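Colleague: Before I ask anything, here is the structure I am working with.
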Amino acid sequence: MDFYDTDYPVRRNNRPRRRPSNHMMNAPRPDDRGYEYNKKQKMMTVVFSAGLIALISLNIICLILFSNPTSSGEVLQLPTAMAMTDDIMYDSVLKPYIDERLDGMTVTVTAGGQTKQCKLSDFDFEYNHGANGQRELVAVSSTDAGGESYLYCTHGSLRYNHTKLRQFLDLLAGENCIPVVDSYYTIDYKASTMTVHAGTDGYGINASDFMNKLIALASSGADSGTVNCEIGAVTASSITADELYLWAHKLPKDAYSINNPDGTVTYYAEIIGIDFDKSTAASALSSSADGCTIPVKVTYPKIDLKELKKYTFPDLLATYYTYFSTSNKQRAHNLTLAASKINGKVLEPGEQLSFNETVGERTPENGFQQATVYTSEGTDEGYGGGICQTSSTLYYTCILSNLQIDERKNHRYTVTYMRDDKSGYNVYGNDATVNWGTIDYKFTNSKEYPIKLEMYADGGKLICNIRGTADGSTARFVYENSDFKPYGVVYKKPAAGKTDQGGHSGRTVKSYRVVYQDGKEVSRKLEHTSVYSMLNQMYYTSTPPQGVQYDVEYTQDYIKSLTTPTTTTTAPTTTTTAAPTTTTTTTAAA
Numbered sequence: 342m343d344f345y346d347t348d349y350p351v352r353r354n355n356r357p358r359r360r361p362s363n364h365m366m367n368a369p370r371p372d373d374r375g376y377e378y379n380k381k382q383k384m385m386t387v388v389f390s391a392g393l394i395a396l397i398s399l400n401i402i403c404l405i406l407f408s409n410p411t412s413s414g415e416v417l418q419l420p421t422a423m424a425m426t427d428d429i430m431y432d433s434v435l436k437p438y439i440d441e442r443l444d445g446m447t448v449t450v451t452a453g454g455q456t457k458q459c460k461l462s463d464f465d466f467e468y469n470h471g472a473n474g475q476r477e478l479v480a481v482s483s484t485d486a487g488g489e490s491y492l493y494c495t496h497g498s499l500r501y502n503h504t505k506l507r508q509f510l511d512l513l514a515g516e517n518c519i520p521v522v523d524s525y526y527t528i529d530y531k532a533s534t535m536t537v538h539a540g541t542d543g544y545g546i547n548a549s550d551f552m553n554k555l556i557a558l559a560s561s562g563a564d565s566g567t568v569n570c571e572i573g574a575v576t577a578s579s580i581t582a583d584e585l586y587l588w589a590h591k592l593p594k595d596a597y598s599i600n601n602p603d604g605t606v607t608y609y610a611e612i613i614g615i616d617f618d619k620s621t622a623a624s625a626l627s628s629s630a631d632g633c634t635i636p637v638k639v640t641y642p643k644i645d646l647k648e649l650k651k652y653t654f655p656d657l658l659a660t661y662y663t664y665f666s667t668s669n670k671q672r673a674h675n676l677t678l679a680a681s682k683i684n685g686k687v688l689e690p691g692e693q694l695s696f697n698e699t700v701g702e703r704t705p706e707n708g709f710q711q712a713t714v715y716t717s718e719g720t721d722e723g724y725g726g727g728i729c730q731t732s733s734t735l736y737y738t739c740i741l742s743n744l745q746i747d748e749r750k751n752h753r754y755t756v757t758y759m760r761d762d763k764s765g766y767n768v769y770g771n772d773a774t775v776n777w778g779t780i781d782y783k784f785t786n787s788k789e790y791p792i793k794l795e796m797y798a799d800g801g802k803l804i805c806n807i808r809g810t811a812d813g814s815t816a817r818f819v820y821e822n823s824d825f826k827p828y829g830v831v832y833k834k835p836a837a838g839k840t841d842q843g844g845h846s847g848r849t850v851k852s853y854r855v856v857y858q859d860g861k862e863v864s865r866k867l868e869h870t871s872v873y874s875m876l877n878q879m880y881y882t883s884t885p886p887q888g889v890q891y892d893v894e895y896t897q898d899y900i901k902s903l904t905t906p907t908t909t910t911t912a913p914t915t916t917t918t919a920a921p922t923t924t925t926t927t928t929a930a931a
């Protein structure tokens, strides 16, 4: 194949470098092991690093990065100190130094009268001690939708992004370029078969020739240089059984994770084991020039990425919060207690959560206190007053996570603590009331992975987080308001156990769930229609304003006019027509 031509080994003095086995190649590299180094290895690294950096700075190292492809005997020569180090030291000092030199190299490429400049860092060049000719397909997106993959190849001791390099050469070749397609394979894991697809010839710049010239330039030790290329017919590479085995054969490897110093976690996907008989592959390849299908042995690892992430909950799927008054101690106690019963809950895929079953009956025995609740006649005192703020906060966090809602009912009257997740303004249609034995809030984890609920009070803020494994799917509400009915004002004689009551205007709100995939809107549908009743503002007083009668509903504008000296008042009316501009004494309930 065009990038399998020559192996360019790296040696310490005259001692050959041990080629890692397939098992070693599948193991994490030393620099990926996180905190698994023991103290002795760390001390050795510090001592050797200091000495070697000093040697490099004094130019004691004679650097010949890679052997000239035309000279089979020249290899990288290292001083005795480097030759005495182990493999971990070799990678921790030599590799970063070579990678830095490669990243800084600028190359001017000419072909067919065209000139373009590039850096080796454009193609992700790095030192690599894997097997020559190794190929690896690397995905650059963690989501299933919209991701890209790049083919990385090992050419001698260099690993590079073959896809990016080919794209550069095709662009340089111009409009007459016909991209070459090398032989490739696909695996049907369920059928345990591998299909080898024949390549197609093209017209442009030979990538293998270009690579050889790049390595020759790197071997010179120069920081820049020019590479001249020819444009012409490029023959697609065929593939031998040995090359196919090097490319496709893999030992199974479990997915694993590394805890980074900054507190983040890096996940590495599992490797599915693939094995096959090379003689069978050779026979199949020789019998057909158009490709062939051969049987393979598929071995699945014990732990895949899905299983690994199952209970680590690496991503914050959604967060939402509402405010509450800490001065209303009974209500604050109730909503905090309800949140503590939600906090830490883990839902498996397809598992449903019932708010009532999780929080329990609101009784003194269960720790709940009396606070304001909504009733059919307005507001009253009841055990558990305030927990509807907990259910509502949880409900809208579920919407933001794009979870399945099974049961939800809006409050009888509007609530003042729910807000829009973007603007922060008070909105209606995203609340969820609950009542023991009659009204519940239920939702199902409709994600592929388990989710974990975090809910707690911090000062005057009730916070809800839903954690899991991100799939790119999120949502939010947009609202459509209608049938607005402003509340009126009613004065009543003082009564035992009765306090002033805030007013709430009536309205109908249609809430539409807008679903996004990776930030792009993919759907918009009506989630539910919430109908809120009007609740008059009540004043219990023995001295109502002059001219105001008890138990008569007045408009807000009329009551305001009574306090404005220049306004001529008219007879009270029971028909409310003006929208409210302010809310005087609003009682947070439910």
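With the working numbering applied, the sequence shown covers 342 to 931.
C-beta atoms are modelled at their ideal positions from N, C-alpha and C, and glycine is treated no differently.
As the structure is a prediction and not an experimental result, all values here were calculated from the model.
If we ignore side chains and look at the alpha-carbon of each, how far apart do residue 525 and residue 539 end up?
Modeller: Answer to the nearest angstrom: the Cα atoms are 7 Å apart.
Colleague: Could you give the first and the last residue of the continuous alpha helix (DSSP H) run that contains residue 503?
Modeller: Residue 503 -> alpha helix (DSSP H) spans 503–514.
Colleague: Measuring CA to CA, which of 830, 851, 861 is closest to residue 891?
Modeller: Comparing Cα-Cα distances from residue 891 to each of 830, 851, 861, the minimum goes to 830.
Colleague: In chain order, which beta strand (DSSP E) runs of at least 3 residues are fully inside the segment 559–631?
Modeller: For the segment 559–631, whole beta strand (DSSP E) runs of length 3 or above, ordered along the chain, are 565–570, 573–575, 597–600, 606–609, 614–616.
Colleague: Can residue 589 and residue 535 be called in contact, C-beta distance under 8 Å?
Modeller: Yes.
Colleague: What residue from 694, 661, 632, 728 has the CA that sits closest to residue 670's CA?
Modeller: Selected option, being the one with the closest Cα: 728.
Colleague: Taking 6 Å as the limit between beta carbons, can you name the residues of its chain near residue 821, skipping five residues before and five after?
Modeller: Within the same chain, residue 821 has close Cβ partners 851.
Colleague: Apply the 10 Å Cβ neighbour rule to residue 395 and answer buried if 16 or more other Cβ atoms are within range, or exposed otherwise.
Modeller: Here the model assigns residue 395 a pLDDT of 38, short of 50, so the residue's position is not dependable, and the following value carries that caveat. Exposed.
Colleague: Quick one: using the 10 Å Cβ neighbour count with 16 as the cut-off for buried, is residue 735 buried or exposed?
Modeller: Counting Cβ neighbours within 10 Å, residue 735 comes out buried, since at least 16 surround it.
Colleague: Taking all protein chains shown into account, decide if residue 379 is buried (16 or more other Cβ within 10 angstroms of its Cβ) or exposed.
Modeller: With a pLDDT of only 40 at residue 379, under the threshold of 50, the placement of this residue in the model should not be trusted, and no figure is reported.
Colleague: Check residue 390 in the structure and name its three-state DSSP category.
Modeller: For residue 390, the pLDDT reaches just 43, beneath the cut-off of 50, and the residue's location in the model is therefore unreliable, although a value from the coordinates is still provided. Looking at residue 390 - three-state DSSP - the assignment turns out to be helix.
Colleague: Within 10 Å of its beta-carbon, does residue 792 have 16 or more other beta-carbons around it, so buried, or fewer, so exposed?
Modeller: Label assigned to residue 792: buried.
Colleague: Going by DSSP, which residues form a beta bridge with residue 459?
Modeller: DSSP output for residue 459 lists 448 as bridge partner(s).
Colleague: Give me whichever residues DSSP pairs with residue 815 in a beta bridge.
Modeller: Note: residue 815 sits in a beta bridge opposite 857.
Colleague: State the DSSP-derived secondary structure class of residue 689, mapped to helix, strand or coil.
Modeller: Three-state result, residue 689: coil.
Colleague: According to DSSP, is residue 652 helix, strand or coil?
Modeller: Correct three-state label for residue 652: coil.
Colleague: Between which two residues does the alpha helix (DSSP H) carrying residue 728 extend?
Modeller: Counting along the chain, the alpha helix (DSSP H) containing residue 728 begins and ends at 728–741.
Colleague: Name the residue from 866, 837, 872 whose alpha carbon lies nearest to the alpha carbon of residue 847.
Modeller: Comparing Cα positions, the closest option is 872.
Colleague: Count the other CB atoms, across all protein chains shown, that sit within 10 Å of the CB of residue 827; report buried if there are 16 or more and exposed otherwise.
Modeller: Classification for residue 827: buried.
Colleague: Kindly list the residues whose CB is nearer than 6 Å to the CB of residue 860, restricted to its own chain and excluding five residues on each side of it in sequence; keep chain order.
Modeller: Taken in chain order, the list of residues that qualify is empty.
Colleague: Is DSSP giving residue 889 helix, strand or coil here?
Modeller: Coil at residue 889, not helix or strand.
Colleague: Would you please state the rounded distance, in angstroms, between the beta carbons of residue 502 and residue 544? I believe it to be under 8 Å.
Modeller: Wrong, their Cβ atoms sit about 22 Å apart, outside the cutoff.
Colleague: Is residue 697 helix, strand or coil by DSSP?
Modeller: In the structure shown, residue 697 sits in a helix (DSSP, three-state: H, G or I).
Colleague: So, at 6 Å on beta carbons, what are the nonlocal neighbours of residue 625 in its own chain, with the 5 sequence-adjacent residues on each side left out?
Modeller: The residues are 633, 635.
Colleague: Do you know whose CA, among 782, 714, 898, lies nearest residue 840's CA?
Modeller: Looking at the Cα atoms, 714 is the closest of the given residues.
Colleague: Might you give, ordered along the chain, the residues of its own chain that have their beta carbon closer than 7 Å to the beta carbon of residue 808, omitting 5 neighbours on each side?
Modeller: Here the set comprises 654, 656, 657, 658, 792, 793, 795.
Colleague: How about residue 789 and residue 642: are their beta carbons less than 8 Å apart?
Modeller: In this structure, residue 642 does not lie closer than 8 Å to residue 789 by Cβ.
Colleague: Let me know if residue 865 comes out buried or exposed under the rule of 16 or more other beta-carbons within 10 Å of its beta-carbon.
Modeller: Flag for residue 865 reads exposed.
Colleague: Go through its chain and collect everything with a Cβ distance to residue 620's Cβ below 8 Å, but skip five positions before and after it.
Modeller: If we look at residue 620 and ignore the five residues flanking it on each side, its Cβ neighbours are 582.
Colleague: In angstroms, rounded to a whole number, what distance separates the CA positions of residue 704 and residue 680?
Modeller: Taking the straight line joining both Cα atoms gives about 16 Å.
Colleague: DSSP state of residue 781, grouped into three classes?
Modeller: Reduced to three states, the DSSP call for residue 781 is coil.
Colleague: Just the C-alpha distance for residue 838 and residue 695, rounded to the nearest angstrom, thanks.
Modeller: Rounded to whole angstroms, residue 838 to residue 695 spans 34 Å at the Cα level.
Colleague: Whole angstroms is fine: what's the gap from residue 668's alpha carbon to residue 800's?
Modeller: Whole-angstrom Cα-Cα distance: 11 Å.
Colleague: Would residue 753 pass as a contact of residue 902 if the rule is Cβ separation under 8 Å?
Modeller: No; because the gap between Cβ atoms is not below 8 Å, this pair is not in contact.
Colleague: Taking residue 639 and residue 448 to be in contact with their CB atoms under 8 Å, please state how far apart those CB atoms are, rounded to whole angstroms.
Modeller: At roughly 42 Å, the Cβ-Cβ gap does not stay under 8 Å, so residue 639 and residue 448 are not in contact.
Colleague: Determine the contact status of residue 769 and residue 730, defining contact as a CB-CB distance below 8 Å.
Modeller: No, Cβ-Cβ distance for residue 769 and residue 730 is not below 8 Å.
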